[in-house]
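Asks: In case it helps, the numbering used here puts the sequence shown at residues 310 to 934. One structure is given below, represented as structure tokens, and several questions about it will come after.
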Amino acid sequence: MSWKNNLYIRNPKNQNMTLNDIRKKSGLLIIVIGVAMLGFILTDLMNSGSSLFQKGQNTLLKVDDKKIMFTNFEMELEKNINMKFMSSLGTVNVTEEQRQSERDLLFDKTIENILLEEKLKQSGVNVGDKESWDLISGEYTGNQSNLFGFFFREQTESGEWNQYSPELIKNWIQMGSDNPQWPRYRFFKENEIRDKKIKKYISCVSSGLYATNDIAQNYYINQTQSSSGRYVLISSNSTDFDFSPSNREINDYYKNNIEDFVNVPVRAITYFSYDLDPSENDKKSILTEVKNLISNRKIFNKRTNEEEVELGFKNTNDIESFISMYADNEYKVSVFSTDEFNEIFVNKIVNENVIQPYIEKGSCKMARVIDRTKDSISVVYFERELFASDETLNETYSEVFDLINKNPKINDIESLSDEIKLRPRTVSFEKMDKSVPGLGTSREIVKWAFDNSTILNEPKFFDLQDKYIVAFLSDISEEEHIPLIDVQSKIITILTNRFKFNKIAQEISSLNTSSLEELSNLYETDVKKISNLKFGSDSFGDIGYNPKLVGSFFNHKLNVISDPVVFEKGVVLFVKDKEGEVVLPNSLSSYKNIIEKDYQSKINQSLFESIKDSKDITDNRFNFY
310 MSWKNNLYIR NPKNQNMTLN DIRKKSGLLI IVIGVAMLGF ILTDLMNSGS SLFQKGQNTL
370 LKVDDKKIMF TNFEMELEKN INMKFMSSLG TVNVTEEQRQ SERDLLFDKT IENILLEEKL
430 KQSGVNVGDK ESWDLISGEY TGNQSNLFGF FFREQTESGE WNQYSPELIK NWIQMGSDNP
490 QWPRYRFFKE NEIRDKKIKK YISCVSSGLY ATNDIAQNYY INQTQSSSGR YVLISSNSTD
550 FDFSPSNREI NDYYKNNIED FVNVPVRAIT YFSYDLDPSE NDKKSILTEV KNLISNRKIF
610 NKRTNEEEVE LGFKNTNDIE SFISMYADNE YKVSVFSTDE FNEIFVNKIV NENVIQPYIE
670 KGSCKMARVI DRTKDSISVV YFERELFASD ETLNETYSEV FDLINKNPKI NDIESLSDEI
730 KLRPRTVSFE KMDKSVPGLG TSREIVKWAF DNSTILNEPK FFDLQDKYIV AFLSDISEEE
790 HIPLIDVQSK IITILTNRFK FNKIAQEISS LNTSSLEELS NLYETDVKKI SNLKFGSDSF
850 GDIGYNPKLV GSFFNHKLNV ISDPVVFEKG VVLFVKDKEG EVVLPNSLSS YKNIIEKDYQ
910 SKINQSLFES IKDSKDITDN RFNFY
């Protein structure tokens, strides 16, 4: 068997059964087959529309009383994928990431369709036959159809592309189901009509929104009026006050700001990762294997029943065929200058125009010099992928299951970590996350962590192809709000800073100072400049987001130091040095247009979400994916 056909089996306990064994155990097989057939029957019953099981277990999505069944959703998903990814040859090649993306898009679109269907009926918005035809042909409005490039545009015999023509489209459509592209055309046409309905509905909603002259004027002022000045920021590090909030103050803050501590169900797991890297013996083996391909070899030809000489890598006249037969890479000539060659292969052994095998970036490589000139050297690489052998995989596999068997419950993670010489990692994630942080594609671990049958501290084995994982559930959080105990230190910091900042403000007020420089020296902070601050801005210098402070700055008198302004980061005092003059334009129409487009954009973004908030939506994707 050639090395390319060698399959590595990760289960060391795998056993082969001979034909004689099968005959001996035929009675057992009959029982097994009977159980399997019964399983198929039960499965069919469970998936039947009349089955009692389906009612509770096949619902993927529920919007109020409207249910979407998993089986129907999957059928629609497959149709969408076939329509979008089908090649001209009729084949469909889609990656798992593309499938997941299409699944999420269809799920959101399904919710949107359910929610908007009711609104469209209530509003009476529809797309008539004439309007539908115009969407496809552009016969009435003269607008070229979005579908034209996909379906109706063809090359003539002369090689030129035909021109846009409603008549051409009509002839194409008349072919109907005889046209192999007909199902795809219907799919995209339906989407076009649906999008048109939604646009008409949104247009109806937004038609009552318009910008007045006063609104446009305020908008212009917000965008153009500017002021400049200086400020100081005094933080808690600038002074020292002793303060410890009472339990009652902490509890009151938590209750009064409970919406700041909203929680979502999360799971925390702790895991050990066993990388399936090649061992040193694996590296030595592949080096030897590749080295044996350099020189000529004697092989036995079963057809001729004679020994023959097979030319090795250094002697073959057909390097491309040799690489195709024995290597993992494709044939490619690399040209280097003499200096580049000497630099790249400085630590490599070169013997008879062959760079001897070496390990680099997960591969075993060698190379052959095929041409030399005064200024350049041409080289062809030979590469074999380096991977862990059966022996290495089985050793790691045994380590993993020794760990699990010896530790049915993991309570002392530090001692265990010292014993197995691996560093554990603890991570948290939500129910619909597609992966565990740090582990790439690992949806199966997420589902396991949220399964009601999963028990705390019980280790579980996962094979992630490039690594083995031993994980255990270390924490469960199902509360609606984050518990007080988990945010207590944060609240103490907030209350402590609030006390300190108020004390600083009181202290500054008693100083009766009129100089920012004096305050900067007293509290060991810097006087900072702020230039061309716009009235409509919501950020203030290095302080960041603080629209209240921006408003105070613009409303303050020129060249007068402000009162202390207390906020969550400290105490701010400022002086406004310069105030820009606002000259209104002769016409505000362009600014009205900007505002109305902004209205339109906000409606597009928020309309669906506002309808969604009024509905009871149950998402059961976790049970299926």
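Note that beta-carbon positions come from the ideal geometry of N, C-alpha and C, so glycine has one too.
1) Out of L414, C513, V541, which one is the CA nearest neighbour of E833?
2) Does DSSP put Q665 in a helix, a strand or coil?
3) Does the contact criterion of 3 or more C-beta pairs under 8 Å hold for the region 870 to 883 versus the region 494 to 513?
4) For a test of the three-state rule: what should DSSP assign to L369, helix, strand or coil?
5) Note down the Cα distance separating L765 from V755, rounded to an integer number of angstroms.
6) With DSSP collapsed to three states, give me the class of N932.
7) At which residues does the alpha helix (DSSP H) containing F622 begin and terminate?
8) Does the separation of the CB atoms of R677 and V663 fall below 7 Å?
9) Short check: CB of S537 to CB of K843, under 7 Å?
10) Among G845, G879, T705, which has the Cα closest to the Cα of F863?
11) Whole-angstrom Cβ separation of I420 and I445, contact assumed at under 8 Å?
12) Kindly give me the distance between the Cβ atoms of E692 and D775, rounded to whole angstroms, as I take these residues to be in contact under 8 Å.
13) For N610, count neighbouring Cβ atoms within 10 angstroms of its own Cβ and tell me buried if that reaches 16, exposed if not.
14) Taking C-beta to C-beta, are N763 and L748 nearer than 7 Å?
15) By how many angstroms is the C-alpha of D907 removed from the C-alpha of S840?
16) Would you decide whether S818 is buried or exposed? Buried here means 16 or more other CB atoms lie within 10 Å of its CB.
17) Pull up the distance between the alpha-carbon of D795 and that of A577, whole angstroms please.
18) With DSSP run on the structure shown, which of helix, strand or coil describes K866?
19) Pull up the CB-CB distance for F645 and I679, whole angstroms please, since I reckon it's below 8 Å.
20) Using three-state DSSP, classify S744 as helix, strand or coil.
21) Mind listing, in chain order, the continuous beta strand (DSSP E) runs of no fewer than 3 residues lying wholly within the region 562 to 598?
22) Within the continuous beta strand (DSSP E) that includes T419, where are the two ends?
23) Among residues of its own chain, excluding the 5 on either side of S604, which ones have a beta-carbon nearer than 6 Å to its beta-carbon?
24) Using a 10 Å radius around the Cβ and a threshold of 16 neighbouring Cβ atoms, would you call F552 buried or exposed?
25) For F379, name the three-state secondary structure that DSSP assigns.
26) Would you give the residue range spanned by the beta strand (DSSP E) that K611 belongs to?
27) Over what stretch of residues does the beta strand (DSSP E) that includes R734 continue unbroken?
28) Taking the alpha carbon of D523 as the point to measure from, which residue in D922, I904, S910 has its own alpha carbon closest?
29) Buried or exposed, going by whether 16 or more other CB atoms sit within 10 Å of the CB of M346?
30) Report, in whole angstroms, the separation of the C-beta atoms of F379 and N391, which I expect to be a contact under 8 Å.
31) With distance defined between alpha-carbon atoms, name the residue in N566, N402, N601 nearest to Y635.
32) Could you give the DSSP three-state label for D851: helix, strand or coil?
33) Quick one, are the C-beta atoms of I377 and L369 less than 7 Å apart?
34) Taking 7 Å as the cut-off, decide whether the C-beta atoms of K740 and P489 are in contact.
35) I'd like to check one pair, I912 with I530: are the Cβ atoms closer than 7 Å?
36) Have a look at L712 and R752 and give me their C-alpha separation to the nearest angstrom.
Replies: Inspection of the coordinates gives the following:
1) V541
2) strand
3) no
4) strand
5) 14 Å
6) helix
7) Taken as a continuous stretch (DSSP letters only), F622 belongs to no alpha helix (DSSP H), as it is neither H nor E.
8) yes
9) no
10) G845
11) Between I445 and I420 the Cβ distance is about 28 Å, and since that is not below 8 Å, they are no contact.
12) That pair is no contact at about 19 Å.
13) exposed
14) Looking at the sequence shown, residue 763 is not Asn but Thr. Not in contact: T763 and L748 (Cβ atoms no closer than 7 Å).
15) 28 Å
16) exposed
17) 15 Å
18) coil
19) Rounded, the Cβ-Cβ distance is 12 Å, inconsistent with contact.
20) coil
21) 575 to 584
22) Where T419 is concerned, there is no enclosing beta strand (DSSP E), although the alpha helix (DSSP H) it sits in stretches over 405 to 432.
23) G621
24) exposed
25) helix
26) Here K611 belongs to no beta strand (DSSP E), and DSSP marks it neither H nor E.
27) 734 to 739
28) I904
29) Note that M346 scores a pLDDT of 48, beneath 50, so its modelled location is shaky and nothing firm can be said.
30) Not a contact, Cβ separation roughly 19 Å.
31) N601
32) helix
33) yes
34) no
35) no
36) 23 Å
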